[in-house]
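For reference, the structure discussed in these notes is given below.
Take a look at the structure:
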């Protein structure tokens, strides 16, 4: 399997979605030792891993969300839908 495509849109230009595998959601609590950007990268990697475990080729409708709590601090969450894409046909 190649790299998981991630997009904020409902479609992927030039590709046909053949199956929606299900929703994805990941949340990581940001510690005082990590930056927000570092936490976002970790969340993105984890959601890609979830999608790959489901057999997905892409994540559509992807979004980040920053969650702040007076007691728990800051967390970064990401969500989207795991999808299978039609295979690309080689041009001859």
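In our numbering, the protein residues as written are 451 to 542.
Don't be surprised by glycine CBs; every beta carbon is placed ideally from N, CA and C.
| Asked | Found |
| --- | --- |
| Own chain, CB closer than 8 Å to residue 469, minus 5 neighbours either side, in chain order | 533, 534 |
| Beta-carbon gap between residue 455 and residue 531 smaller than 8 Å | no |
| Within 8 Å, strictly: CB atoms of residue 478 and residue 497 | no |
| Limits of the unbroken alpha helix (DSSP H) element including residue 488 | 486-503 |
| Rounded straight-line distance, which links the Cα of residue 527 to that of residue 542 | Its pLDDT being 46, under 50, residue 542 is placed unreliably in this model, and the value from its coordinates should be taken loosely. Cα to Cα, residue 542 sits roughly 43 Å from residue 527. |
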